[in-house]
Amino acid sequence: MQIFDWIAGVLKPGTCNSEEFIYDDMESQSGRCLPIIYQPFDVAKRMHWTDRGALFDFLCATEGWDKKILDFGPGDGWPSLIIAPFVREVVGVEGSRRRYDVCRENAERLGIKNASFEYVEVGGLLPFEANTFDGAVAASSIEQTPDPKAALREIHRVLKPGGRVRISYEDLDRYRNGREQEIHIESMDDERTQLILYDRHIDDEYVMMYGLVLSAPLEEALAMFSVTEGSLSFNAISVLQLEEARPFIVEARTCRLTHPSGATLTRWLEELGFSRVLPTHSGIRFAGRLFDSTLGENHPQDLRGLDKLLRPLIGVVVDMAAPVTSNPMITAVK
Ligand SMILES: C[S@@+](CC[C@H](N)C(=O)[O-])C[C@H]1O[C@@H](n2cnc3c(N)ncnc32)[C@H](O)[C@@H]1O
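What follows is the structure, encoded as structure tokens:
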């Protein structure tokens with residue numbers, strides 16, 4: 270019997286959305302690694318370059334300078350809080366109550382006044398009149414909502430004519446050839462451990478996530494699967510092991526997420542009435558590649574120097590068409 274059939278048949282997991290599955294539980298959605306929001310900016314770190322790459326990608330692609338911008342699904346307040354100094358106003362809409370609280374706390378701690386956040390019912394209408402925003406950004410959030418096309422329809426409605434949305438998304442293609450099924454194990458507290466299993470249906474563009482809570486500390490749970498931390502792999506576990514762990518499994522949940530490919534996203538955006546849909550290269554990847562190819566002594570010395578370097582280059586990058594198969598970012602113009 271397949272592991273996922275066993276979970277469905279024996280454990281009969283309850284269904285939930287991604288907020289209930291993951292986002293309501295996390296203290297920091299980003300692991301507190303975001304530059305400026307959680308860490309002082311460090312020009313020597315690659316990830317800090319890609320963060321600025323994202324910033325200029327979103328701003329250039331939406332032409333959002335000094336405008337009113339919507340951020341769909343900001344998580345810890347990203348990118349709302351980093352784009353705030355460059356826009357007139359940014360409003361983040363969050364479907365997780367916990368994430369909404371974190372966004373607000375982060376804005377307050379950083380003293381950012383022109384970023385506000387709204388808690389929204391997942392799958393409901395956005396709490397704005399039609400034609401409210403000059404631009405919109407959606408960073409890794411469209412594929413986390415139960416009905417991604419309905420979310421895009423709402424973004425289209427609240428954008429002004431001519432307004433642009435910039436979307437980054439996870440293309441499931443990256444998991445092909447070996448990572449279609451994965452398992453992770455994590456300690457929840459001193460007495461509980463969670464197994465998270467992913468079953469990725471790449472061609473059908475959806476993912477099933479399963480969360481199994483065991484009433485056992487991490488060490489004991491690892492012993493049940495005869496592994497050490499970091500060495501648990503999907504292929505190494507069996508239905509027999511799960512059956513032996515069955516008395517310790519106190520909760521089982523599942524969440525189904527639609528993960529539209531770039532081609533599907535492009536088609537939907539056109540169907541929803543966006544006048545132009547442009548998959549382009551990504552400022553995030555560009556900034557990372559630039560970091561890799563620039564020798565240390567040629568690196569800018571500080572944030573100001575990096576911004577001066579990246580801003581015009583990324584303005585060009587986000588205009589360069591890219592095949593949807595290369596997991597680019599997408600701009601759509603209303
Ligand atoms: C992967 S996280 C991305 C967070 C952030 N944009 C980032 O890139 O770090 C996805 C976020 O989208 C939010 N989300 C999912 N569906 C939503 C919806 N329908 N409305 C608002 N937020 C939603 C989740 O709660 C979560 O915070």
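Counting from 270, one number per residue, gives the positions in the sequence shown under the numbering used here.
We treat Cβ as the ideally placed atom computed from N, Cα and C, and that holds for glycine.
All figures in this text were calculated on a predicted structure; none of them were measured in a lab.
Using the C-alpha atoms, what's the distance from THR549 back to GLU488? Distance between GLU488 and THR549, taken at the CA atoms: about 46 Å.
ILE305 - containing alpha helix (DSSP H), residue span: Taken as a continuous stretch (DSSP letters only), ILE305 belongs to no alpha helix (DSSP H), as it is neither H nor E.
Assigned exposure category for HIS453 - 16 Cβ within 10 Å defines buried: exposed
LYS603: buried (16+ other C-beta within 10 angstroms of its C-beta) or exposed? buried
Based on DSSP bridge pairs, tell me the residues matched to ALA384. VAL359
Among ILE351, ASP311 and ASP293, which residue has its Cα nearest to the Cα of GLY574? The candidate whose alpha carbon is nearest that of GLY574 is ASP311.
Only counting the same chain, and skipping five residues up and downstream in sequence, which positions put a Cβ closer than 7 Å to that of SER365? GLU288, TYR292 and ASP293
In the structure shown, what three-state DSSP assignment does ARG433 receive? strand
Measuring CB atoms only, is the stretch 402-418 touching the stretch 428-445, in the sense that at least three cross pairs come out at less than 8 Å? Segments in contact, yes.
Assuming ALA399 contacts VAL427 under a Cβ cut-off of 8 Å, what Cβ separation, rounded to an integer in Å, is found between them? Contact between ALA399 and VAL427 holds: their C-beta atoms lie close to 6 Å from each other, under 8 Å.
Tell me VAL476's beta-bridge partners as DSSP assigns them. ARG469 and LEU526
Own chain, CB closer than 7 Å to GLY499, minus 5 neighbours either side, in chain order: none
Can you find a heavy atom of ligand 1 that lies under 7 Å from the Cβ of GLN308? no
For TYR292, is the beta carbon positioned less than 7 Å from some heavy atom of ligand 1? yes
Quick one: is LEU350 buried, meaning 16 or more other Cβ sit within 10 Å of its Cβ, or exposed? buried
Could you check which residue in GLU539, GLU566, GLY531 and ARG545 has the C-alpha nearest to that of ILE471? GLY531
On the DSSP bridge assignment, give the partners of GLU423 in chain order. Paired residues: none, contrary to the question.
What residues are listed by DSSP as bridge partners for ALA408? SER437
Could you check where the beta strand (DSSP E) with ASP588 kicks off and where it finishes? Careful: ASP588 lies outside any beta strand (DSSP E) and carries neither H nor E.
Just how far apart, CA to CA, sit ARG522 and TYR479? 6 Å
I want to check one thing, is the minimum distance from the CB of PHE327 to the heavy atoms of ligand 1 below 7 Å? No, the beta carbon of PHE327 sits no closer than 7 Å to any heavy atom of ligand 1.
Does the Cβ-Cβ distance between VAL371 and ASP345 come in under 8 Å? yes
If you reduce the DSSP assignment to three classes, tell me which class ALA485 lands in. Coil, per DSSP.
Report, in whole angstroms, the separation of the C-beta atoms of LEU421 and LEU541, which I expect to be a contact under 8 Å. 6 Å
The stretch 581-588 contacting the stretch 318-327, beta-carbon criterion three pairs below 8 Å: yes
Residue ranges of each beta strand (DSSP E) within the stretch 315-342, 3 or longer: 337-341
Is the beta carbon of GLN450 less than 8 Å from the beta carbon of TYR467? yes
Skipping 5 residues on each side, what residues in its chain have a beta carbon closer than 6 Å to that of CYS329? ILE583, GLY584 and VAL587
In three-state terms, what does DSSP make of GLU520? strand
Against chain B, does GLU363 count as a neighbour if the rule is that its beta carbon must be under 8 Å from one of theirs? This model lacks chain B altogether; it includes just one protein chain.
I'd like the span of the alpha helix (DSSP H) that includes ALA376, first residue to last. 366-379
Residue span of the beta strand (DSSP E) that contains GLN271, given as start and end: Note, GLN271: premise wrong, no beta strand (DSSP E); not H, not E.
Check whether the Cβ of GLU363 sits closer than 7 Å to any heavy atom of ligand 1, and report yes or no. yes
Is TRP347 close to ligand 1? I mean its beta-carbon at under 7 Å from any heavy atom of the ligand. Look at TRP347: its beta carbon is less than 7 Å from one of the heavy atoms in ligand 1.
Determine the closest residue to GLU387 out of VAL360, ASP459, ARG554 and PHE560, with distance taken between C-alpha atoms. VAL360
First through last residue of the beta strand (DSSP E) which encompasses GLU546: Strictly speaking, residue 546 in this sequence is Val, with Glu absent from that position. That run of the beta strand (DSSP E) goes 545-549.
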